[in-house]
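The listed protein sequences derive, respectively, from chains A and B. Under numbering that gives the first Met the number 0, the residues of the first sequence are numbered 0 to 115, in order. Under numbering that gives the first Met the number 0, the residues of the second sequence are numbered 0 to 118, in order. One structure is given below, encoded as structure tokens.
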Amino acid sequence: MSQAVLQAKLWYAQRISAMVLGVCVAIHLAIIFYAIRGGLTAQEILGRTQGNLGFAIFYEIFVLACFVHAPIGVANILQENIPQAGMTKPISWLLALLILILGTTAVIGLYTGGAI
Amino acid sequence: MSSRPTLDYRAKSHLPYFAYACHRFSGLLLACFIPLHFLMLSQSLRGAEGFEASLKLTDFWVFKFGEWALVVLLAVHLAGGVRLLIIEFGPWNGLRKGWIQISILFAIVCGLLFLYFAN
């Protein structure tokens, strides 16, 4: 794939993931404001999330959209600011894997409450 | 693209450049924070008690301030991102500078709401 085609595909992937994230982040902000009233406890969080399939699906979509969106943004920043360092691909791939693995682990943890 | 053009102060001394810088800055900080946030939430695999023990580690004012700052950054990035999507995909209609002010206001409102609802 030529560099220009790759850049065009990455641009679209970031915009499409941004559209998904726009909805997810707005809902997430509303959940944050609801959840922080009276402080956050593990019991309270798990009470909302454990066994809640809708919650798990919503947050896994959120994780997948982050997995696409954030590494492309970081790659753009690295490529524009320190292109000679050769860090663009390794750092953006590392970030992508961290988001996918840790994010999915978090969703599984919150859905199961550790009872696997 | 392997290099970027050098911009003098005239290219930077206007509101859309400020919006661009805010979007970059907030996005970069959020990208650094997200893996840590997921790492914390994945502690729920240890059950309610293990998860609570991890949450207690963040019971310092520094973390509380960080949470507030991240909510503001998230709001800045959301509003700035919606503005970009409207610019790129929406019908052309004037200079659309008002979206920057709306983005700033939205971030301020979210920051205040967080302070209002938090303990």
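No residue lacks a Cβ here, since even glycine has one placed at the ideal position from N, Cα and C. All values reported here derive from a predicted model rather than from experimental measurement.
CB contact check: residue i to chain A, cutoff 9 Å
| i | result |
| --- | --- |
| residue 76/B | yes |
| residue 34/B | yes |
| residue 42/B | yes |
| residue 61/B | no |
| residue 23/B | yes |
| residue 159/B | Here chain B comprises residues numbered 0 to 118, so residue 159/B is not present and cannot be evaluated. |
| residue 64/B | no |
| residue 10/B | no |
Residue i burial status per 10 Å Cβ neighbour count (16 or more: buried)
| i | result |
| --- | --- |
| residue 75/A | buried |
| residue 10/A | exposed |
| residue 70/A | buried |
| residue 87/B | exposed |
| residue 21/B | buried |
| residue 50/B | buried |
| residue 82/B | buried |
| residue 1/A | exposed |
Range of the contiguous alpha helix (DSSP H) that encloses residue i
| i | result |
| --- | --- |
| residue 68/A | 52-80 |
| residue 62/B | 60-88 |
| residue 18/A | 2-34 |
| residue 13/B | Unbroken run through residue 13/B: none, as it is neither H nor E. |
| residue 97/A | 87-111 |
| residue 141/A | Examination of residue 141/A is not possible in this model, given that chain A is present from 0 through 115 alone. |
| residue 52/B | 46-55 |
| residue 98/B | 97-116 |
Supposed contact pair residue j and residue i - C-beta distance, whole angstroms, cut 8 Å
| i | j | result |
| --- | --- | --- |
| residue 44/B | residue 72/B | Actually they are not in contact, since the Cβ atoms of residue 44/B and residue 72/B sit about 27 Å apart, beyond 8 Å. |
| residue 26/B | residue 76/B | 6 Å |
Min CB distance residue i to chain B below 9 Å
| i | result |
| --- | --- |
| residue 89/A | no |
| residue 63/A | no |
| residue 14/A | yes |
| residue 0/A | no |
Proximity test, Cβ basis, 9 Å: residue i and chain D
| i | result |
| --- | --- |
| residue 29/B | Judged by its chain identifiers, the structure shown contains no chain D, and its protein chains are A and B. |
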